[in-house]
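Here the structure comes first, spelled out in structure tokens, and everything after it is commentary.
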Amino acid sequence: MSTSLMRRDGRGLLLALALWLLALAPPPVLAQAEPGDEPAQRQLREQTRQRGEFQPGEEIRQSEQVRQREQTGQREQTRQRERERAGPLNDAPMWRQARSGDEFFTTVRGPEAGVLIQDEGNTWRQMRNGPIKQYGSALLLVVLLALAVFYAVKGMIRLHAAPTGHRIQRFSMFERVVHWGTAITFVLLAVTGLAILFAKHLVAPLLGHDALGVLLVVGKNIHNYIGPVFLVFTVLMILAFARDNLWEASDRVWIRKGGGFISGEHVPSGRFNFGEKTWFWGGVAFLGLIVAGSGLVLDFPNFGQLRVTMQWANVIHATASILLIALSFGHIYLGTIGLEGAYRAMRTGYVDETWAKEHHALWYEDVKTGKPRHS
Numbered sequence: 001m002s003t004s005l006m007r008r009d010g011r012g013l014l015l016a017l018a019l020w021l022l023a024l025a026p027p028p029v030l031a032q033a034e035p036g037d038e039p040a041q042r043q044l045r046e047q048t049r050q051r052g053e054f055q056p057g058e059e060i061r062q063s064e065q066v067r068q069r070e071q072t073g074q075r076e077q078t079r080q081r082e083r084e085r086a087g088p089l090n091d092a093p094m095w096r097q098a099r100s101g102d103e104f105f106t107t108v109r110g111p112e113a114g115v116l117i118q119d120e121g122n123t124w125r126q127m128r129n130g131p132i133k134q135y136g137s138a139l140l141l142v143v144l145l146a147l148a149v150f151y152a153v154k155g156m157i158r159l160h161a162a163p164t165g166h167r168i169q170r171f172s173m174f175e176r177v178v179h180w181g182t183a184i185t186f187v188l189l190a191v192t193g194l195a196i197l198f199a200k201h202l203v204a205p206l207l208g209h210d211a212l213g214v215l216l217v218v219g220k221n222i223h224n225y226i227g228p229v230f231l232v233f234t235v236l237m238i239l240a241f242a243r244d245n246l247w248e249a250s251d252r253v254w255i256r257k258g259g260g261f262i263s264g265e266h267v268p269s270g271r272f273n274f275g276e277k278t279w280f281w282g283g284v285a286f287l288g289l290i291v292a293g294s295g296l297v298l299d300f301p302n303f304g305q306l307r308v309t310m311q312w313a314n315v316i317h318a319t320a321s322i323l324l325i326a327l328s329f330g331h332i333y334l335g336t337i338g339l340e341g342a343y344r345a346m347r348t349g350y351v352d353e354t355w356a357k358e359h360h361a362l363w364y365e366d367v368k369t370g371k372p373r374h375s
């Protein structure tokens, strides 16, 4: 039967051969690595990466990045809508946020480094350019005008008797060095400080802003470097003259008679009268130390001071300085053109006996007897 089949058609033989070959072929192998097959896993990941596909963790990270970009875009759109509501090309919302006082991220180290704008600075600026400048300038002008009127009416207060020619030492070399050191540094600070405060309104209209800039740069450096020197001299002056500026019974008489400036009456006093003691304790000691101390806060801002601390230090410094300058006008007036012999006393250290009797009679008696009342 098989012979007749093979003879009848050769296709049966071919079919049987094909079935036999299929039976001998190995089963198909899938490109899948076993769990412990690390090289196969790396090869699979590399193939996946080349095809542009992502592993599950990479898909999560990609989705997070997309979500962050969408949130950033939404925030920017919100800010843009706020600006459009406030007005076209209006950055008011941005500046309101900058002036909120909130601290943001910055790579700069230091207190308040992340605060872009401190809004209290505007309050400080208004106080400095308002009351301090206005009332301060008015006070200085009133004091100068009063001294000019007093000099025009009274002139220099001269000795009633002729000088004797006999001199008495009033100030030692150390006392004079300390006094002139304090006086010179104070004048430099007063001139440069007033320039920093008022030169914008006086120099700029006359000489221009370039000259003003040069003046302020030079003045600022003089002010900053002389300030600590003034503090040293102020402390030395307090130590040198404190003992002779203590309260005495004669001060009560001096107060009651107003020092004799109006009546011309001679009022006995010790080495320093009550007016000089007022200048010493109120001006040199109290205001001088306040001015020097607040100046140090401004001179060395690298000790962690906050901006509000610097602003208050500036207000205190300017206010105390103006008061000190106003008081110094009276002291400088009496020490130069207001009182005969006063400038010579501090320049040479000696005064005539007549001058000592008329202005400091009690001190003159102490010197002549050699028994100081403070001993």
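One point on numbering: in the working numbering, the residue at position 22 of the sequence shown is 22, and numbering is uninterrupted. Here a beta-carbon is modelled for each residue, glycine too, at the ideal position from N, C-alpha and C. Just so you know, these numbers come straight off a predicted model, no measurement behind them.
- Taking a contact to require three or more Cβ pairs closer than 8 Å, the segment 267 to 278 and the segment 207 to 221 do not qualify as touching.
- A straight line joining the alpha-carbon of S250 with that of G335 spans about 22 Å.
- Proximity of the segment 157 to 170 to the segment 217 to 236 falls short of the contact definition, fewer than three beta-carbon pairs being nearer than 8 Å.
- For F174, the closest alpha carbon among the candidates D210, H209, G130 and M346 is that of M346.
- Taken atom to atom, the span from the alpha-carbon of N224 to that of M310 is near 15 Å.
- Secondary structure in the segment 124 to 180: the beta strand (DSSP E) runs of 3 residues or longer, each lying completely within the stretch, are 167 to 169 in chain order.
- For V253, the enclosing alpha helix (DSSP H) has its first and last residue at A249 to R256.
- In terms of Cα proximity to E248, the closest of W363, K154 and V142 is W363.
- Its Cα nearest to that of Y343, the residue I157 stands out among G293, I157 and G270.
- For V232, the enclosing alpha helix (DSSP H) covers residues H209 to F241.
- A distance below 8 Å separates the beta carbons of I322 and L139.
- Contact between Y135 and I337 fails: their C-beta atoms lie close to 27 Å from each other, not under 8 Å.
- In the three-state reduction of the DSSP assignment, L339 falls in the strand class, which pools E and B.
- About 17 Å separates the beta carbons of L289 and N314, which is beyond the 8 Å limit, so they are not a contact pair.
- With 16 or more neighbouring CB atoms inside 10 Å of its own CB, F171 falls in the buried class.
- Counted as a single uninterrupted DSSP element, the stretch harbouring D352 is not any alpha helix (DSSP H) but the beta strand (DSSP E) occupying residues Y350 to D352.
- Going by beta carbons, M237 and V178 fall inside the 8 Å limit.
- About 6 Å separates the CB atoms of V291 and L324; that is less than 8 Å, so the two are in contact.
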